[in-house]
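A.B. asks:
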Amino acid sequence: MKLFLDTADLDEIREGVRWGVLKGVTTNPSLIGKAEQGFLPLVKEICSIVEGDVSIEVSGDDTGSLVDQGREITQIADNAVVKIALTPNGLAATRRLSDEGIKVNVTLCFSPAQAILAAEAGAYIISPFVGRLDDVATDGLRLLSDICEIYAAQGYGTQVLAASLRHPVHVVEAARMGADIGTMPFKVFEALVKHPLTDSGFKRFTEDWEKAKPHLGELPPSMQEA
Ligand code: G3P
3 MKLFLDTADL
13 DEIREGVRWG
23 VLKGVTTNPS
33 LIGKAEQGFL
43 PLVKEICSIV
53 EGDVSIEVSG
63 DDTGSLVDQG
73 REITQIADNA
83 VVKIALTPNG
93 LAATRRLSDE
103 GIKVNVTLCF
113 SPAQAILAAE
123 AGAYIISPFV
133 GRLDDVATDG
143 LRLLSDICEI
153 YAAQGYGTQV
163 LAASLRHPVH
173 VVEAARMGAD
183 IGTMPFKVFE
193 ALVKHPLTDS
203 GFKRFTEDWE
213 KAKPHLGELP
223 PSMQEA
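For what it's worth, my numbering labels the leading residue of the sequence shown as 3, then goes sequentially.
1. Can you grab the Cα-Cα spacing for the pair Ile48 / Phe191, in whole Å?
2. Kindly provide the ranges of any beta strand (DSSP E) runs that are 3 or more residues long and lie completely inside the stretch 159-223, ordered along the chain.
3. Are the Cβ atoms of Ser57 and Val19 separated by less than 8 Å?
4. Tell me where the alpha helix (DSSP H) around Asn81 begins and ends.
5. Does the count of Cβ pairs from the stretch 102-112 and the stretch 69-78 closer than 8 Å reach three?
6. Note down, in chain order, each residue of its chain lying with its Cβ closer than 7 Å to the Cβ of Asp182, except the 5 sequence neighbours on either side.
7. According to DSSP, is Thr28 helix, strand or coil?
8. Would you call Met225 buried or exposed, if buried means 16 or more other Cβ atoms sit within 10 Å of its Cβ?
9. Which one or two residues does DSSP pair with Thr109 in a beta bridge?
10. On a Cα-Cα basis, can you pick out the residue from Leu221, Glu53, Leu99 and Pro31 that is closest to Gly22?
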């Protein structure tokens, strides 16, 4: 499963890239608004920092306007993906853009039926929102599992992007189900690496190494200096 950050914060994206595991970025209007930077410089910078797909959301619900916005978004960078909400007009725009070879991430998916429609409209990515379903006492991971199963049964090429992931268990379960991509806020990304036994074990090994070093004779220069 490819790991994406759900953010428009440039420092968070740079840090994810530094770790060597970040494969893409998703944004939405709320995240873009929070970044408090000009839209075009911001999205261009995001697309230049990360090599993989960067989803950028269009606005409104007029098919013609969604198509126009989508065409312009793809001009921003080679890795820009158009993000469109799952409405009837959004599906119509997805079909038109897909027919032109433009990659569309269909977002705000909350049911398997919606996911089938997105795939049939030619979506490049479908984004089911796991956490937001959990918020309304519905099993978000069950939705994800249903979509993975249906897409496999139908042989759809649309990638399943598990969105609205709120904690590491969501990420692990999404990977277990075979989601193609998991997108998450930076705090969830950071939580993936944390384990108290890693921290205490690392501390103990470091202390023991320092104690042992004077008695170990010649060491490779980089180990001597570390
Ligand atoms: O960007 C789409 C989705 O990941 C939003 O997540 O946490 O706002 O429900 P959240």
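The C-beta atom is built at its ideal place from N, Cα and C for all residues, glycine as well.
C.D. replies: On the basis of the coordinates in this document:
1. The residue labelled residue 48 in the question sits at position 46 within the sequence shown. The residue labelled residue 191 in the question sits at position 189 within the sequence shown. For Ile48 and Phe191, the distance between alpha carbons rounds to 17 Å.
2. Assignment of beta strand (DSSP E) within the stretch 159-223, counting only whole runs of 3 or more residues, yields 161-164 and 183-186 in chain order.
3. By one-based count along the sequence shown, residue 57 stands at place 55. By one-based count along the sequence shown, residue 19 stands at place 17. Going by C-beta atoms, Ser57 is not nearer than 8 Å to Val19.
4. For the purposes of this step, residue 81 is taken as the residue at position 79 of the sequence shown. No alpha helix (DSSP H) holds Asn81; DSSP gives it neither H nor E.
5. With the cut-off at 8 Å, the stretch 102-112 and the stretch 69-78 touch.
6. For the purposes of this step, residue 182 is identified with residue 180 of the sequence shown, where counting begins at 1. Hits under 7 Å: Met3, Lys4, Gln161, Val162 and Leu163.
7. On the sequence shown, position 26 is the one that residue 28 refers to. Strand, per DSSP.
8. Taking the first residue of the sequence shown as 1, we reach residue 225 at position 223. Met225 is exposed by the Cβ-count criterion.
9. Within the sequence shown, residue 109 is the residue found at index 107, counting from 1. BP columns for Thr109 point to Ala87.
10. Translated into the one-based positions of the sequence shown, residue 22 becomes position 20. Sorting Leu221, Glu53, Leu99 and Pro31 by C-alpha distance to the C-alpha of Gly22 places Glu53 at the top.
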